[in-house]
Amino acid sequence: MSSKLIRGTFILTVGTILSKVLGLLYVIPFYQIVGPKGTALYQYSYIPYTIFISIATAGVPLAVSKFISKYNTIEEYTVGRKLFKSGLLIMLLTGVTAFLVLYISAPIMAELSFKDNKDIKSNLKDITTVIRSVSFALIVVPSMSLIRGYFQGHQSMGPSAVSQVVEQIVRITFTLAGAFIVVHIFNGNTVTAVSVATFAAFVGAIGGLFVLFWYLYKRRRYFEQLLLLDKGTVNVSLVEIYKEIFIYAAPFVFVGVANPLFQAIDQLTFPSVMMKLGFSFDAANAAFSIINFESHKIVIIPVSLATGFSLTLVPSITKAFVENDRIGLNQQLNQAFQVMLYLTIPAAVGLSLLAEPVYTVFYEHKLLGTEVLEIYAPVAILFALFLMTASILQGINEQRFTVLSLLAGLLIKLSLNIPLITMFETKGAVYATALGYIAAILIQFFAIKKYARYSFLFVWRSSLLIVIFAAIMWSGTKIVYQILVLFLTPESKFQAIGIIIICSVFGAFIYFYLGLKSGLVIRIFGHRVDGLKKKLRFHKKSVSNRNK
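With my numbering, the residue at position 332 of the sequence shown is 320, and numbering never jumps.
Structural data, given as structure tokens:
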């Protein structure tokens, strides 16, 4: 892999992680402005929006970049330009169509969430208003995805990374400033504040698109020079171009839409079932917000970090599979699974243990929020495993099982959601999600085992060791936590931060120390950690020699 591509991949990864971190941190002030009613309304709009945007754009940047990179390699630069020009028009039409469909169907989507409670017309009107506010972003985002893919196809990752960060900064600034002005300056209602906040997705997309157009203008001469070097020996029709793009992009659509579809099932069933159980509309709304917005935002943290590290190994997995290098493929799969599990398991365990102070810091002290986060945190391991196994199936060209596994998982979620909510109330929705993901992951495990001829024995052994270390970490941290709550209260935001920092440092030390002493860290992350270990030993010896 060239140094330019490595540098570009690093830039894009950093930009993606920074964008996700910003997208997480803004929920703290946003919750304080609009409260649980506002976050519930926000989520009612964002679930259908995410599904629409995933279908319209998921996989487009990767598919376009793969297509352009393929033809640039053989110096057929005109083919990529042909895709870019026609693609901009098609993406604009796709975006406008998606916008119109979501905007027009907003009342229907609102009614589906409360199909058995038609007497709450004012609330349905509020949900409709918010869904329509976010739908405007669909006009812009597809075109932006295409341009990002065009740059990435030329191994230029900077524009995508910068546009992602700018888009997020503009969106968050508009969200927080708009909601604050509506509520605290104009004394407006929550619905107006949330409508402004969801419209921020459109404003943010304009900001990201402006950055991309600026890069296109800046690099126009470079792209023109490439056309002069075009060999002109290949003539690919638009039909063939878009057929190839669809084949590349389709698997990513299913992976990208998986989580929103699970959340959509909750949106369509949870509020109505809770109200049938005797909960008021506001109570059902608050519980829905806790599951699908508040807790979910926190649970995604370990998933983003772990998959970010492990998915960098997927290209080498693809290479080993194509070259029929079974030994290399097994080594890459072992490392990918171990990296992901080593990072995700302790993070999920720690998050579950510190659910009360974490929820307090992000939102407020709330018993139901703590209880839900405590059982939801371990589901992060399943989210990460699903993404990991789906990417591996893409790498070994067996993405059909991604579709099959997702359909099976959704069927289980849909079948069990109402019975489990009826039995366990709010927690039941989390249990149904976990069971659905477990089914999907087992199907993907079967496909990987069969078609990659991969034995999971080594990973099971490493996983057992990781689980043991995580259990020891949990036990040690639990003791520290119990001592700290004698002096500090997790009900106070400031004191909760202190509890989180002390427990996190202590738990991380235990876990990393056990991994280092056992050699697990070196086996997973390679000789770089071994080198760090030697440097620490050398530093220790030099200090002791100076003391002598």
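No residue lacks a Cβ here, since even glycine has one placed at the ideal position from N, Cα and C.
None of these values were measured; they are calculated from a predicted model.
Report task. Taking A44 as the reference, give the member of T61, V84, V67, V171 with the closest Cα. Result -> The residue given as residue 44 occupies position 56 in the sequence shown. The residue with the shortest Cα to Cα distance from A44 is V84.
Query raised in the report: Looking at V48 and L134, is the spacing between their C-beta atoms short of 8 angstroms?
Result: Here residue 134 refers to the residue found at position 146 when the sequence shown is read from its first residue. Here residue 48 refers to the residue found at position 60 when the sequence shown is read from its first residue. Taking 8 angstroms as the Cβ cut-off, L134 and V48 qualify as a contacting pair.
Requested in this report: Confirm, please, whether the CB-CB distance from F457 to Y419 is below 8 angstroms.
Outcome: Indexing the sequence shown from 1 puts residue 419 at position 431. Indexing the sequence shown from 1 puts residue 457 at position 469. No, they are not a contact pair.
Report task. Measure the C-alpha to C-alpha separation of V171 and G192 and round it to an integer number of angstroms. Result -> Taking the sequence shown and counting its residues from 1, the one referred to as residue 171 is at position 183. Taking the sequence shown and counting its residues from 1, the one referred to as residue 192 is at position 204. Rounded to whole angstroms, V171 to G192 spans 21 angstroms at the Cα level.
Requested in this report: Check F374 in the structure and name its three-state DSSP category.
Outcome: By one-based count along the sequence shown, residue 374 stands at place 386. F374: helix per DSSP, three-state reduction.
Requested in this report: Please determine, among P17, F72, V129, the residue with the shortest C-alpha to C-alpha distance to Y37.
Outcome: Translated into positions along the sequence shown, residue 37 becomes position 49. The residue with the shortest Cα to Cα distance from Y37 is V129.
Query raised in the report: Between V199 and the rest of its own chain, which residues show a CB-CB distance below 6 angstroms, the 5 nearest in sequence each way excluded?
Result: Position 211 of the sequence shown, counted from the start, is the residue given in the question as residue 199. The residues are V150, S151, V154.
Query raised in the report: So, is G3 buried or exposed, given that buried needs 16 or more other C-beta atoms within 10 angstroms?
Result: Within the sequence shown, numbered from 1, the residue matching residue 3 stands at position 15. So G3 ends up on the buried side.
Query raised in the report: Does the Cβ of S463 have 16 or more other Cβ atoms within 10 Å, making it buried, or fewer, making it exposed?
Result: Mapped onto the sequence shown, residue 463 falls at position 475. Result: exposed.
**Report entry** Buried versus exposed call for E64 [16 or more other C-beta atoms within 10 Å across all chains shown]
**Finding:** The residue you call residue 64 lines up with position 76 of the sequence shown. Per the 10 Å Cβ criterion, buried.
**Report entry** Residues near L329 by beta carbon distance below 6 angstroms, same chain, minus five either side
**Finding:** For the purposes of this step, residue 329 is taken as residue 341 along the sequence shown, with counting starting at 1. Contacts found: S451, I454.
Requested in this report: Within its chain, find whatever has a CB closer than 6 angstroms to the CB of F526; leave out the 5 residues flanking it on each side and keep chain order.
Outcome: The count along the sequence shown starts at 1 and reaches residue 526 at position 538. Low per-residue confidence applies at F526: pLDDT is 44, beneath 50, and the placement is therefore not dependable enough to give any value.
**Report entry** S7 versus Q156 - alpha carbon distance
**Finding:** Numbered from 1 along the sequence shown, position 19 holds the residue referred to as residue 7. Numbered from 1 along the sequence shown, position 168 holds the residue referred to as residue 156. C-alpha separation (whole angstroms): 6 angstroms.
**Report entry** 8 angstroms Cβ shell around F494 - same chain, five flanking residues per side excluded
**Finding:** The count along the sequence shown starts at 1 and reaches residue 494 at position 506. So the list reads G464, T465, V468, once near-sequence residues are dropped.
**Report entry** Neighbour-count burial assignment, G220, 16 or more Cβ in a 10 Å radius
**Finding:** Numbered from 1 along the sequence shown, position 232 holds the residue referred to as residue 220. By the neighbour-count rule (16 or more Cβ atoms within 10 Å), G220 is not buried but exposed.
Query raised in the report: Hey, is the region 169 to 184 in contact with the region 20 to 37, meaning 3+ C-beta pairs nearer than 8 angstroms?
Result: yes
Query - Outcome for L216 when other beta-carbon atoms lying within 10 angstroms are tallied against a minimum of 16 - result: Start at 1 with the first residue of the sequence shown, and residue 216 comes out as number 228. That one is exposed.
**Report entry** Cβ separation of I512 and Q323, assumed to be a contact under 8 angstroms, to the nearest whole Å
**Finding:** The residue given as residue 512 occupies position 524 in the sequence shown. The residue given as residue 323 occupies position 335 in the sequence shown. Correct: roughly 7 angstroms between the Cβ atoms.
Query raised in the report: Cβ atoms of F55 and Y236: under 8 angstroms apart, would you say?
Result: Here residue 236 corresponds to residue number 248 of the sequence shown, with the count starting at 1. Here residue 55 corresponds to residue number 67 of the sequence shown, with the count starting at 1. A contact, by the Cβ cut-off of 8 angstroms.
**Report entry** Span of the alpha helix (DSSP H), counted from its first residue to its last, around R69
**Finding:** Looking up residue 69 in the sequence shown gives position 81. Run containing R69: 65 to 101, per the alpha helix (DSSP H) assignment.
Query - Cβ-based neighbour list, G11, same chain, cut-off 7 angstroms, excluding 5 preceding and 5 following - result: Looking up residue 11 in the sequence shown gives position 23. Here the set comprises Q156.
Query raised in the report: My guess is that S42 and G196 are in contact by the Cβ rule of under 8 angstroms, so how many angstroms apart are they, rounded?
Result: On the sequence shown, residue 42 is found 54 positions in, with the first residue counted as 1. On the sequence shown, residue 196 is found 208 positions in, with the first residue counted as 1. Actually they are not in contact, since the Cβ atoms of S42 and G196 sit about 17 angstroms apart, beyond 8 angstroms.
Query raised in the report: Can you tell me whether E228 is buried or exposed, with buried defined as 16 or more other CB within 10 angstroms of its CB?
Result: Within the sequence shown, residue 228 is the residue found at index 240, counting from 1. E228 should be labelled exposed.
Query raised in the report: Would you say the region 386 to 393 touches the region 350 to 370, given that touching needs at least three Cβ pairs under 8 angstroms?
Result: no
Query raised in the report: Run through DSSP, which three-state label would L6 get?
Result: The residue labelled residue 6 in the question sits at position 18 within the sequence shown. Residue state, collapsed to three classes: helix.
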